[in-house]
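Note sheet for the following structure.
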Amino acid sequence: MNSAKASLKPEISADFDAEKIRADFPILKLKIDGKPLAYLDNAASSQMPQQVIDRLVRYQTTQHANINRAVHYLSEVATMEYHNARCKLQQFVNAREDREIIFTSGTTDSINLVMHGYGRKFIKAGDEIILTTLEHHSNIVPWQMLANEKGAKIRVVPVNDKGELEVDEYEKLFNERTKFVGLIHVSNALGTINPIKHMIDFAHQHGVPVLIDGAQAAPHIIIDVQALDCDFYAFSAHKLCGPTGVGILYGKAALLESMQPFKGGGDMIASVTFEETLYNTIPHKFEAGTPPIAAAIGFGAAVDYLAAIGIERIAAYELSLLNYATERLNDIPGVKIIGTAAEKTAVISFTIDGIHPHDIGTILNQDGIAVRTGHHCAQPVMQRFNVPATSRASFAFYNKKTEVDALVAGIKNVQKVFL
Amino acid sequence: MHTNSLYQEVILDHNRKPRNYGKLNHANHQAVGHNPLCGDRLDITLQLENDQITDIAFQGESCAICKASASMMTAAIKGKSRLDAETLIHEFRELATGKLDINHPHHLGRLTVFSGIRDLPTRVKCAILPWHTLHAALNSIASTSTEANHDSAHKVSSKS
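Top to bottom, those sequences are chains A and B.
Numbering (my numbering) for the first sequence: 9 to 427.
Numbering (my numbering) for the second sequence: 5 to 164.
So, in structure tokens, the structure goes:
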């Protein structure tokens, strides 16, 4: 597809200039109760720049039809643009081939695909699956379901008091029964960046495949699946300034080919009779039904937008915000930061003595400050640190220092209300 | 609405100095309530004699809204009949979800300080958890959850 190649050039360009970048995000102009919005819940979902919004509008107004089907003009355009989006994601994670990128509904769907497609076929009674304490529920529950079904066992890597994985303990968990590793790249609850390259290599020495949950990493760290040599890598568009309802699963082609389909339906077949169905080749084997075409194309525009700014520059800027915020929060008596790993993304989970996170969140909201409060779908992390819940401020490249200042003032106000 | 109106002095006071906090040693009814969305947990113990709630206590890990709601609930419910308690449970639920017309006769008294919660849908369950748990205790349901499939409190309230 020549035309696909031509449009692989980023459609969007941008310069790193905090104010200029903020101008790309219409939602950041909102006022909440008359106060300027300080959106510090980016680990839950990030906001969408006008460039991506425009791309969705252009698709919907001039390019939409169903894909891989009809011979008419719109179907061909939509099919090509959907394929282009796949190629953009292939480039974004540096996959060897575009057929190694499967569009899913998001990270959770990607992990469930691997559980059903790989796990149900290859994991047997007595086998062991290694997960870590830092996993999001989405990388725990599917494996528990599988373990219960097959009579397999889950082994868990512990974390130290800073929220870092105990890699020595991880290595000790391996034995001849170990058949799979599920590993979160960056902790959504604490921001810890895990040493996944080393952990993948170690698993491979034992012939064990590794799935990386990259939902929190992809917006902040350059992902190179060939350099990592991971077997699967999953993330969602909506944490990378893209739409909800779409994500990807990267999988090594040979592994994907060996797997059974996850969902049955249209598009994933080569031929169907009532006696037998021949499955389509990858990636189509795993994309049953009409996919989220518009969202996938928006996803492509979103990674273009991020790539144009540069993930490394984004990471450097976010690190400066993290350091500033960590320093300011550490200065407030009664505030405790949970998760102090040496390597972190711009996520700060914190508690305030004597004040429940939900009360903190509600009172910060009246100052226009959006933080997440709760267990962050990571209850094992909360149990490890003996807290029922935390408040979490998570920063994106469009946040600024004055928003950190607003958070600090907001926290002091919370303490005043509860004095 | 402005959230300041929710964190009123009466609520903050009950949060600081919760009434009837603890566990009854000789309770004949008890229940544990969970809010799985935030990990909150509340224990309610009560003494029911001839359909009269003679004593009640609560304890647990929760936010200020939940704790104040539990504190004010125990104060309001002590000495009441089971039927009166169920009426209050129903009315409080209606208040928190914005279905109660405060101008019509009701029995909530100072509990109407929680009326602002209806504008904060994510916090409604915090205020309701103690009432949900009280209902479970009165009906000998050992454990309940704000996310329970069988919403027993609702079933009863829709009958009344």
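Where a beta carbon is used, it is the ideal one built from N, C-alpha and C, also for glycine.
Between ASP361(A) and the set ASP49(A), PRO341(A) and ILE377(A), the nearest pair of CA atoms involves PRO341(A).
Residue pairing from DSSP places VAL280(A) in a beta bridge opposite THR285(A). Within the stretch 43 to 128 of chain B, the complete beta strand (DSSP E) segments at least 3 residues long are 44 to 53 and 56 to 65, listed from N- to C-terminus.
Counting only Cβ-Cβ distances below 9 Å, PRO396(A) has contacts in chain B at CYS42, GLY43, ASP44, ARG45, GLU65 and SER66, in chain order. Comparing C-alpha distances from HIS193(A) to each of ALA404(A), ALA324(A), THR348(A) and LEU236(A) shows the shortest one belongs to LEU236(A). Assignment of THR137(B) by DSSP, reduced to helix, strand and coil, places it in the helix class.
Residue pairing by DSSP places THR140(A) opposite VAL165(A) in a beta bridge. Annotation for LYS170(A): THR348 and ALA349 place their beta carbon closer than 6 Å to its own, counting only its chain and skipping 5 residues before and after.
As computed with DSSP, ASN39(B) is found in a beta bridge with ASP44(B). With 16 or more neighbouring CB atoms inside 10 Å of its own CB, ALA354(A) falls in the buried class. The C-alpha of PRO134(B) lies about 25 Å from the C-alpha of ASN107(B).
Put simply, the CB of ARG127(B) is near chain A, with a gap under 8 Å to one of its CB atoms. If you draw a straight line from the Cα of LYS82(B) to the Cα of LEU92(B), it comes to about 12 Å. Its Cα nearest to that of GLU172(A), the residue GLY199(A) stands out among ARG185(A), GLY199(A), GLY190(A) and ILE162(A). Pairing ILE290(A) with ALA414(A), the inter-Cα distance amounts to about 49 Å. Each of VAL412(A), TYR67(A) and THR186(A) was checked against the Cα of ALA333(A), and the nearest Cα belongs to VAL412(A). HIS364, PRO365, HIS366, ASP367, THR370, ILE371, ASN373, GLN374, THR381, GLY382, HIS383, GLN387 and MET390: these are the residues of the stretch 364 to 393 of chain A whose beta carbon lies less than 8 Å from some beta carbon of chain B, given in chain order. Short of 8 Å from the beta carbon of ALA386(A), and not among the five residues preceding or following it, lie these beta carbons of its own chain, in chain order: LEU142, GLU143, HIS144, HIS145, SER195, ASN196 and ALA197.
With 16 or more neighbouring CB atoms inside 10 Å of its own CB, LYS352(A) falls in the buried class.
Per DSSP, the unbroken beta strand (DSSP E) holding ASP221(A) starts and ends at 218 to 221. Closer than 8 Å to the CB of VAL425(A) there is at least one CB belonging to chain B.
Residue state for TYR406(A) is assigned as coil, using DSSP reduced to three classes. Unbroken beta strand (DSSP E) stretches of 3 residues or longer found wholly inside the stretch 189 to 268 of chain A: 218 to 221, 240 to 244 and 255 to 259, given in chain order. Ranking ILE201(A), GLU320(A) and TYR287(A) by CA distance to the CA of VAL167(A) puts ILE201(A) first. Residues of the same chain with a CB within less than 7 Å of the CB of LEU154(A), apart from the 5 flanking positions on each side, are MET123, GLY127, ARG128, ILE131 and ALA160 in chain order.
The DSSP-derived three-state label of ILE131(A) is coil.
In the assembly as shown, ARG104(A) is an exposed residue. Its beta-carbon has fewer than 16 other beta-carbons within 10 Å. Contact annotation: the stretch 238 to 246 of chain A touches the stretch 217 to 224 of chain A, with at least three C-beta pairs closer than 8 Å. Between ILE106(B) and chain A, the shortest Cβ-Cβ separation is not below 8 Å.
Between PHE118(B) and ALA141(B), the C-beta spacing is not below 8 Å. Each of GLU136(A), GLN59(A) and PRO34(A) was checked against the Cα of LEU314(A), and the nearest Cα belongs to GLN59(A). DSSP places ASP49(A) in the strand class (E or B) of the three-state scheme. Straight-line measurement puts the Cα of PRO388(A) at about 26 Å from the Cα of ILE132(B). Residues of chain A with a Cβ closer than 9 Å to the Cβ of LEU133(B) do not exist, since the nearest Cβ in that chain sits about 11 Å away. Classified as exposed, TYR81(A) has fewer than 16 neighbouring CB atoms from the shown chains inside 10 Å of its CB.
Put simply, the backbone Cα of ALA68(B) is about 26 Å away from that of ARG336(A).
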